[in-house]
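Asker: Please see the structure below; I have some questions.
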Amino acid sequence: MTLSTSIRRLLAGLTALILLLMYLPLAVVVLNSFNTSRSLTWPPPGLTFDWWQRAFHSEGARDAVITSVEVALASTVIALVLGTLMSLALQRYDFFGKSSVNLLVILPIALPGIVTGIALNNAFRGILSLQLSILTVIIAHSTFCIVTVFNNVQARLRRMGGNFEEASADLGAGVWTTFRLVTFPQLRSALLAGGLLAFALSFDEIIVTTFTAGAGVKTLPIWILDNLFRPNQAPIVNVVAVVLILLSVLPIWLAQKISGDNEALR
């Protein structure tokens with residue numbers, strides 16, 4: 001489709017405006033992490049690394065980062081195992097209710113976070129009689145992290161087809177041998193991309209975490225929310241927010257790069 005020069009300029013202008021609205025607030029957060037003013041006056045009267053040093057020595061912030069990493073890693077491992085198994089079952093086998101199961105697997109990421117959080121809170125405290133803890137947070141995060149792995153692996157399985165696996169079976173290889181030597185090598189990049197996306201999704205999740213975390217569990221997003229409006233804490237919160245941005249963007253960038261490189265090889 002050929003577009004006129006005026007239409008192209010209009011689309012370029014709209015794109016630039018949308019990107020500006022999306023990323024200008026993030027740029028302000030980054031700049032405020034170096035602001036010499038405690039009240040974050042604008043424009044900044046000066047720049048300093050003092051807040052970064054204080055944030056690095058903040059025990060609460062360090063503990064929150066460690067907790068978020070632990071939850072994200074555990075959720076990602078669970079998502080990789082269960083998401084891969086479900087995608088293999090739904091892509092390679094036919095059974096009654098297959099489409100319904102496929103919908104139920106994807107549904108958690110489509111539901112509003114507050115609905116998922118309330119439902120899991122009721123399940124943990126009411127039905128299962130569990131104390132809210134880091135374990136309940138991991139289980140809660142796994143419910144939507146599974147979807148990212150499931151979608152990546154299922155898409156790869158569709159492109160792969162079943163010819164290589166059938167050939168392996170015809171040559172006498174068992175199910176596990178076929179998976180280990182034929183299926184898994186072709187799924188590695190999809191698993192890595194899905195795992196990175198799951199990690200990023202879990203690391204910055206706050207709504208579901210708020211409903212499923214115990215009183216002593218503070219992930220990094222919850223720590224930021226708790227300290228955002230405290231006097232003299234705003235500059236340190238901005239520093240932690242910048243770290244959160246970096247830790248969220250890098251896995252997504254790597255996942256996109258891995259997926260793009262893999263497509264280029266096909």
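With the UniProt record's numbering, the residue at position 259 of the sequence shown is 259, and numbering never jumps. We put the beta carbon where it would ideally sit given N, CA and C, even for glycine. All values derive from a computational prediction rather than experimental measurement.
Which class does Leu82 belong to by DSSP, given the choice of helix, strand or coil?
Answerer: Here Leu82 sits in helix by DSSP.
Asker: What is the DSSP secondary structure of Thr5, counted as helix, strand or coil?
Answerer: Correct three-state label for Thr5: helix.
Asker: Assign Leu107 to one of two classes, buried (16 or more other C-beta atoms within 10 Å of its C-beta) or exposed (fewer than that).
Answerer: Leu107 is exposed by the Cβ-count criterion.
Asker: Are any of the Cβ atoms in chain D nearer than 8 Å to that of Arg125?
Answerer: Absence of chain D from the displayed structure is noted, only one protein chain being present.
Asker: By alpha-carbon positions, which one of Pro221, Ala110, Ala215, Gln233 ends up nearest to Leu132?
Answerer: Closest by alpha carbon: Ala215.
Asker: Report yes or no: do three or more beta-carbon pairs, one from the region 168-182 and one from the region 69-80, lie closer than 8 Å?
Answerer: No: the two stretches stay apart, fewer than three of their Cβ pairs being nearer than 8 Å.
Asker: Do the region 187-196 and the region 131-149 make contact, defined as three or more Cβ pairs closer than 8 Å?
Answerer: The region 187-196 is in contact with the region 131-149.
Asker: Tell me which residues share the same chain as Asn74 and place their Cβ nearer than 6 Å to its Cβ, disregarding the 5 neighbours each side in the sequence.
Answerer: It should be pointed out that residue 74 corresponds to Ala in this sequence rather than to Asn. For Ala74, where only same-chain residues beyond five positions count, the Cβ hits under 6 Å are Ile138.
Asker: For Leu120, which residues in the same chain have their Cβ closer than 6 Å to its Cβ, ignoring the five residues on either side in sequence?
Answerer: Excluding sequence neighbours, Leu120 sits near Ala140, Thr212.
Asker: In whole angstroms, what is the alpha-carbon distance linking Gln233 and Gln91?
Answerer: In a straight line, the C-alpha of Gln233 is about 50 Å away from that of Gln91.
Asker: Taking Cβ positions, are Arg38 and Pro235 nearer each other than 8 Å?
Answerer: It is a contact, given that the beta carbons lie within the stated cut-off.
Asker: Ala200 to Ser248, Cα distance in whole Å?
Answerer: Cα to Cα, Ala200 sits roughly 5 Å from Ser248.
Asker: Determine the direct distance from the alpha carbon of Val182 to that of Phe164, and round the result to whole angstroms.
Answerer: Those two C-alpha atoms are separated by around 7 Å.
Asker: Given this structure, state the Cα-to-Cα distance separating Leu225 from Leu24, to the nearest angstrom.
Answerer: So the two alpha carbons sit approximately 21 Å from each other.
Asker: Would you call the CB atoms of Cys145 and Thr76 closer than 8 Å?
Answerer: Contact flag set, yes.
Asker: Short of 6 Å in beta carbon distance, which residues of its chain neighbour Leu228, apart from the five on each side in sequence? Order them along the chain.
Answerer: Result list for Leu228: Val237, in chain order.
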